[in-house]
Every structure is written in structure tokens, then in C-alpha cells.
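Only one structure is covered here, and it is reproduced in the block below.
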Ligand SMILES: Nc1nc2c(c(=O)[nH]1)N[C@H]1C(S)=C(S)[C@@H](COP(=O)(O)O)O[C@H]1N2
Ligand SMILES: [Mo]
């Protein structure tokens, strides 16, 4: 099943690459704002109040758990991976949404190719340098628009928004995307993250207002 998701995600990228110009959403704005959300022009900052400033020389991203090839990537090795840009909408469970966020970085599919999760791996557990964590079913996040982002709007990602690198999973509420990401762990059994143990929904679908469990 993950294999199929992976292939689908890669195909979507191929289609995006061949489409001309910047990725534009075909949906009308009425269809675009999930129920119970309101649009914001600014970009609020939401986190645990701890914004770890990791020097590039000390930054690493670990890919581990049920994988054939566990890796610890330094900043240079991470940035040597194929880079992509994607434009997506951002929906916070506290009811604000932001349109047209232009994120740049490495696609989760690229990290998947590198680490080669074993067939038993069905869940992903993300850990941040601030001690945050969040969990997502592999099937739900292995998509062409899921990135480990290091840039926003063409500029290096600020620490306020999760720099040096953060996860973006546009189809889910934004708490599913770990800022200051430090590790991506592939698991056979689901393991609840920071907000998930505190009553937030495990699935977090903005379109069904799947906010709290
Ligand atoms: N490491 C970490 N990631 C996190 C959080 C956090 O507290 N720590 N908060 C989440 C929540 S609730 C939201 S809405 C978004 C906010 O991202 P922003 O501050 O860039 O708007 O980050 C998510 N990722
Ligand atoms: Mo949030």
C-alpha cells in the first residue's frame, strides 16, 4: 500500500514538472477554505515557545526505525538531495488558514527512497529539536506535497517558522508538520505525538473538521 502511495506521489511530481509555470490551484476560493477556518494574510507563529537555534554545522536529520538504510544527514548532505518547491495552503486547527505558501526543500518521497522503509513500516513519527513530536500514517503523508522544507517564499526558513527545517503536510492540520525537525522514524505500530496524547485528532483532516479526538 505504501509502495502504491509512493509511486502515485512520484507520478504527481512528474505531472507538476511538465505543467507550465508555478503550480496554481484550480479550485475556487469557496471550495478552498475548509469548514470553520478563516483566512489570514499574516503568518502567525505557533509552537511550544522554545525555538532552538541549531548551527548548520551541528544540525542533523535522522531517518530511522523500520528502514533498510538508517541515515543521519548533515546540513550539506541534506541540501545535496534533490530540491523541490511546492505551493500549498496551510490550515491551523485554531481556525486560521494561509493560502499559497511556497515551500522549498526535500520531498518526503526522496527521504523514503533513501531510507527504504521496510514493508512493516506503516506509521511515521516526527520529532523536533524543541521536544515536540507528531505522528501520521505513512499512507497519509507519503504524497507529492509533503516536504521537509528549508525555505519559505524563496528565502531560508526563519527559526520562527521552524528553521532550519520543518515538515509540511498540507492536506492535514498544521500541527502534523513538525517545526525544527530532528528525526523521522518509521514504525509498525502507531505512536501518538505531543498534541495527539492531549486529545487532538490522530487523523487531522481539515475538510471534515477532524480537530479533536
Ligand atoms: N516542533 C514543533 N512543531 C510544531 C509545533 C510545535 O509546537 N513545535 N506546533 C504545530 C502547530 S500547532 C502549528 S499550527 C504549526 C505552526 O507553524 P507556524 O508557527 O510556522 O505557523 O506548527 C506545528 N509544528
Ligand atoms: Mo496549530
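Residue numbers (my numbering): 374 to 586. Cβ coordinates follow ideal geometry from the N, Cα and C atoms, glycine included. This structure is a prediction, so every number in the text was calculated from the model and none was measured.
{"query": "At which residue ranges does the region 462-492 contain complete beta strand (DSSP E) runs of 3 or more residues, listed in the order of the chain?", "result": "469-480"}
{"query": "Quick one: is the Cβ of residue 548 within less than 8 Å of any heavy atom of ligand 1?", "result": "yes"}
{"query": "Sorted by chain position, which residues of the same chain lie with C-beta nearer than 6 Å to residue 446's C-beta, five sequence neighbours on each side aside?", "result": "434"}
{"query": "Does the distance from the CB of residue 436 to the CB of residue 559 come in under 9 Å?", "result": "yes"}
{"query": "State yes or no: is the C-beta of residue 467 nearer than 8 Å to some heavy atom of ligand 2?", "result": "yes"}
{"query": "Among residues of its own chain, excluding the 5 on either side of residue 379, which ones have a beta-carbon nearer than 7 Å to its beta-carbon?", "result": "482, 485, 515"}
{"query": "May I ask whether a heavy atom of ligand 1 can be found less than 8 Å away from the beta carbon of residue 583?", "result": "no"}
{"query": "In angstroms, rounded to a whole number, what distance separates the CA positions of residue 471 and residue 540?", "result": "16 Å"}
{"query": "Please tell me whether, using a cut-off of 8 Å, the distance from the CB of residue 419 to the nearest non-hydrogen atom of ligand 2 is below it.", "result": "yes"}
{"query": "With a threshold of 16 other CB atoms inside 10 Å of the CB of residue 410, please say whether the residue is buried or exposed.", "result": "buried"}
{"query": "Based on Cα-Cα distance, which residue from 456, 549, 561 lies nearest to residue 574?", "result": "549"}
{"query": "Considering only C-alpha positions, which residue in the set 524, 496, 582, 443 is nearest to residue 479?", "result": "524"}
{"query": "With burial defined as no fewer than 16 other Cβ atoms inside 10 Å of the residue's Cβ, what is the status of residue 453: buried or exposed?", "result": "exposed"}
{"query": "For residue 459, write down the residues that DSSP places opposite it in a beta bridge.", "result": "476"}
{"query": "Residue range of the alpha helix (DSSP H) that residue 452 falls in?", "result": "448-452"}
{"query": "Report yes if the CB atom of residue 505 is closer than 9 Å to the CB atom of residue 551, and no otherwise.", "result": "yes"}
{"query": "Name, in chain order, the residues that DSSP records as bridge partners for residue 520.", "result": "480, 541"}
{"query": "Following the continuous alpha helix (DSSP H) through residue 511, name the residue where it begins and the one where it ends.", "result": "511-514"}
{"query": "Less than 6 Å between C-beta atoms, sequence neighbours within five positions excluded: which residues of the same chain meet that for residue 458?", "result": "477"}
{"query": "Give me the residue from 438, 532, 567, 579 with the minimum Cα distance to residue 543.", "result": "579"}
{"query": "Hey, residue 507 and residue 499: beta-carbon distance below 9 Å or not?", "result": "yes"}
{"query": "Taking only heavy atoms of ligand 1 into account, decide whether any of them is closer than 8 Å to the Cβ of residue 505.", "result": "yes"}
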